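As you go down the protein sequences, you meet chains A and B in turn.
Number 146 in UniProt numbering belongs to position 146 of the first sequence; there are no gaps in the numbering.
Number 277 in UniProt numbering belongs to position 277 of the second sequence; there are no gaps in the numbering.
Heads up, the thing below is written out as structure tokens.
There are 2 protein chains.
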Amino acid sequence: MKKGHQVTMKEIAKRLGVSVSTVSRALKDSPELHPETKRKIAEMAKEMNYQPNLLAQSLRISRTKTLGVIVPEITSHFFASCISGIQDFANKRGYNVMICQSNESIELEKANIKTLVATQVDALLISLSRETNHFEHLDELYQREIPFVLFDRVQEDMPVTKITFNDQNGAYQVTKHLIEMGCKRVMYVSGPEDLYISKKRKKGYLQALKEFGIKEDPSLIKVTDLTQEQNIKVAQEIIDMNPRPDGVFCMIDPLAVDVLTHWKSKGIKVPEDMSLAGFTNNPTSAVVEPPLTTVSQPGYEMGKLSVSHLLDQLEGLASDEPISIVLDTTLVPRKSTGYTG
Amino acid sequence: MKKGHQVTMKEIAKRLGVSVSTVSRALKDSPELHPETKRKIAEMAKEMNYQPNLLAQSLRISRTKTLGVIVPEITSHFFASCISGIQDFANKRGYNVMICQSNESIELEKANIKTLVATQVDALLISLSRETNHFEHLDELYQREIPFVLFDRVQEDMPVTKITFNDQNGAYQVTKHLIEMGCKRVMYVSGPEDLYISKKRKKGYLQALKEFGIKEDPSLIKVTDLTQEQNIKVAQEIIDMNPRPDGVFCMIDPLAVDVLTHWKSKGIKVPEDMSLAGFTNNPTSAVVEPPLTTVSQPGYEMGKLSVSHLLDQLEGLASDEPISIVLDTTLVPRKSTGYTG
DNA sequence: CTGTTAGCGCGTTCAG
DNA sequence: CTGAACGCGCTAACAG
């Protein structure tokens with residue numbers, strides 16, 4: 001299957017008996033052209049349905065007006081929201097977006113970066129995969145002076161702009177909420193421990209305990225790799241504990257939902273037997289039974305801010321100095337922690 | 001902010017005192033080169049960290065190995081799954097993907113197509129917006145011989161390859177299931193009526209009624225524009241009906257979830273008071289209380305098939321003749337229709 | 001086996 | 001006000 005022929009400036013020049021450069025000038029409304037020829041050319045361009053070849057244009061001006069985005073997973077509602085925000089605001093400023101997913105694999109992440117760079121994107125927005133625990137590929141971007149920002153899943157030591165949520169404070173708020181609702185033994189269920197957000201949220205959890213003078217208890221911290229299988233395993237382990245915790249804060253909503261589902265199948269009542277809270281405010285968390293207390297992270301907003309700042313930098317509207325943008329999270333109390341709004 | 005310099009073939013040619021074309025040939029492992037010079041060039045390329053400029057390459061061979069994708073909404077789990085399938089299988093065959101969302105707006109859809117075409121994508125995969133009820137922009141693609149396929153939200157009369165689900169049969173199965181579970185008055189809640197899937201699913205609904213000798217009752221068909229507001233309004237209207245239906249088939253899961261949530265807030269019990277079913281098998285449908293009977297549509301599979309067939313056509317592995325690929329759906333019976341698996 | 005030449009489509013001097 | 005000439009980075013036909 002072959003693509004049909006596309007009209008070029010050359011052809012419209014030929015038809016009108018003018019030079020290509022004249023056409024080029026006319027099409028970008030250069031002031032130093034005779035209005036009449038300008039009009040004629042515009043007309044002919046329209047008639048022939050001329051569409052500029054962005055490829056050639058990009059090659060010439062060595063800018064593609066295209067941004068590359070890498071996220072761990074498109075099917076995650078949170079990242080989809082980020083993408084949505086990035087798209088909308090990139091488009092508003094005349095930029096296109098190429099999206100890739102790393103499927104939480106560092107190898108795919110590297111490959112994605114490589115092809116995006118090869119296609120000459122002007123800059124990148126990256127959210128790191130779960131596996132990413134070394135950073136040579138980012139160092140290389142940095143050394144090659146390819147502009148990029150990190151969002152949500154960031155590497156703290158990288159000297160680039162990072163957009164994150166106030167994860168620690170969000171976790172602090174949930175934990176505090178659980179305590180205030182009467183929980184005495186609050187557990188934290190973490191994802192992989194070297195994940196940025198696992199660490200931050202643990203900090204917030206510990207901060208709240210400390211504030212209420214509760215001693216940290218290692219048996220009240222569990223770790224899962226976030227596969228459904230492990231999540232359920234952890235859910236069962238909690239049931240089997242003696243004494244059980246009376247409140248469980250899960251690092252992320254899908255984990256909390258897995259736990260909730262398993263508990264329900266085992267006859268555990270939430271929040272009567274144990275309170276349960278998540279993080280992210282996925283759509284799902286609002287419709288499970290009981291509705292899940294969680295922390296909302298506006299992904300769309302994060303995407304919007306990330307791309308806006310990046311473009312500001314690209315276009316010289318903002319300093320090149322890397323900055324750290326921290327977005328606020330909001331506690332969303334629901335029935336799963338005994339809250340009755 | 002400026003991008004750093006990128007190594008070109010010219011530079012490595014200069015360093016080695018050979019011509020650019022030799023470098024070009026070496027880099028693509030041409031058989032007619034002296035192994036030694038080939039080795040040298042490869043080495044130098046590596047040393048200088050050469051990365052080919054796909055832009056220039058594309059311009060030269062007038063193929064970008066990039067596909068454009070347009071979906072109504074990235075944040076919909078179903079479309080995210082499609083995208084995921086498209087990405088994975090496009091990448092496997094050496095293609096990149098540019099994704100756009102139309103936000104259910106025909107104007108944005110047109111704009112998206114325009115920019116994707118301008119960036120010279122080799123082909124397009126399009127799922128139409130809800131608003132799209134005229135098709136000049138697709139006609140133009142067709143006339144300009146830009147290869148494209150339509151998936152899920154298709155226009156039936158367009159002479160291009162279309163990938164759809166067997167929506168009618170899916171709707172038939174749900175309706176039949178409701179009847180078999182004992183419902184005497186089954187209602188169909190439709191989305192906008194000129195939507196392809198609204199029509200197809202209605203057909204399936206009617207087909208099942210007919211098969212069971214149930215007369216079609218216009219008062220048992222309602223329409224919503226699928227905004228949450230209208231969905232809730234319809235949910236209330238159903239409560240207010242006298243007599244009420246005893247089973248309600250909602251065209252799509254989010255609608256069913258809205259209805260369920262509203263009913264629960266009004267004390268209606270599902271399935272005791274009324275049975276309820278959706279369509280799509282969103283993750284949400286499995287975790288609401290009660291879990292929602294629905295019809296599963298494998299989006300990833302749809303994306304995979306769409307892109308695979310498109311690439312087959314592009315690369316001459318499949319005939320250019322437009323075909324219609326119809327994927328099977330599967331009934332997923334759950335508690336909301338009284339099913340106890 | 002390798003260099004020279006000639007574009008791909010466009011923008012930008014530099015002359016007229 | 002307009003045309004000719006050049007080059008972005010790369011590939012390919014033609015020589016040798």
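All C-beta atoms, glycine included, are put in the ideal place defined by N, C-alpha and C.
Since we're looking at a predicted model, the values are computed, not measured.
DSSP places B:THR8 in no alpha helix (DSSP H); its state is neither H nor E. Residue burial annotation: A:THR330 is exposed, with fewer than 16 other C-beta atoms found within 10 angstroms of its C-beta. In chain order, THR66, ASN96, VAL97, MET98, ILE99 make up the part of chain B whose C-beta sits under 9 Å from the C-beta of A:MET98. Note that the stretch 80-98 of chain B touches the stretch 291-305 of chain B; at least 3 beta-carbon pairs, one per stretch, sit closer than 8 Å. The C-alpha of A:ALA90 is placed about 39 Å away from the C-alpha of B:LYS222. The alpha-carbon separation between B:HIS309 and B:ALA318 amounts to approximately 7 Å. Within the stretch 92-149 of chain B, the runs of beta strand (DSSP E) that reach at least 3 residues and sit entirely inside it are, in chain order, 96-101, 123-126. Considering only beta carbons, the part of the stretch 263-294 of chain A lying closer than 8 Å to chain B consists of PRO283, THR284, VAL287, VAL288, GLU289, in chain order.
When the five nearest sequence neighbours on each side are left out, the beta carbons in the same chain lying within less than 6 Å of the beta carbon of B:LYS203 are those of GLN168, in order along the chain. By the C-beta criterion, the stretch 206-216 of chain B is judged not to be in contact with the stretch 275-286 of chain B, since fewer than 3 inter-stretch pairs fall below 8 Å. The beta carbon of B:ALA118 sits closer than 8 Å to some beta carbon of chain A. Within the UniProt domain "HTH lacI-type" (7-61) of chain B, the residues whose Cβ lies closer than 7 Å to any Cβ of chain A are, in chain order, GLN51, PRO52, ASN53, LEU54, LEU55, ALA56, SER58, LEU59.
Under the three-state reduction of DSSP output, A:LEU33 falls in the coil class, being neither helix nor strand. Excluding sequence positions up to five before and after A:ILE41, its CB lies within less than 8 Å of the CB of ILE12, LEU16, VAL18, THR22, VAL23, ALA26, LEU27, all in the same chain and listed in chain order.
With 16 or more other Cβ atoms inside 10 Å of its own Cβ, A:ASN231 counts as buried. Close to B:VAL257, with beta-carbon spacing below 8 Å, are these residues of chain A in chain order: VAL287. The beta carbon of B:ILE106 does not come within 8 Å of any beta carbon belonging to chain A, so the residue lies off that interface. When rounded, the separation of the alpha-carbon atoms in A:PRO218 and A:ILE238 is 14 Å. For A:GLU109 and B:ILE113, the gap between their C-alpha atoms comes out near 28 Å. DSSP places B:VAL295 in the uninterrupted beta strand (DSSP E) bounded by 294-296. Residue-level contact by beta carbon holds for A:GLN87 and chain B, with a gap shorter than 8 Å. Proximity of the stretch 263-272 of chain B to the stretch 51-59 of chain A falls short of the contact definition, fewer than three beta-carbon pairs being nearer than 8 Å.
Contact check for B:MET274 and B:VAL248: beta-carbon distance about 6 Å, within the 8 Å limit, so the pair qualifies.
The count of Cβ pairs closer than 8 Å, one atom from the stretch 30-45 of chain B and one from the stretch 62-75 of chain B, stays below three, leaving the stretches out of contact. Annotated as distal: B:THR294 and B:LEU178, with beta-carbon spacing of 8 Å or more. Non-local C-beta neighbours of B:CYS183 in its own chain, meaning closer than 7 Å and more than five positions away in sequence, comprise ASP246, GLY247, SER275, ordered along the chain.
The stretch 124-138 of chain B makes no contact with the stretch 125-141 of chain A; the number of CB pairs closer than 8 Å stays below 3.
Going by beta carbons, B:VAL121 and B:CYS100 fall outside the 8 Å limit.
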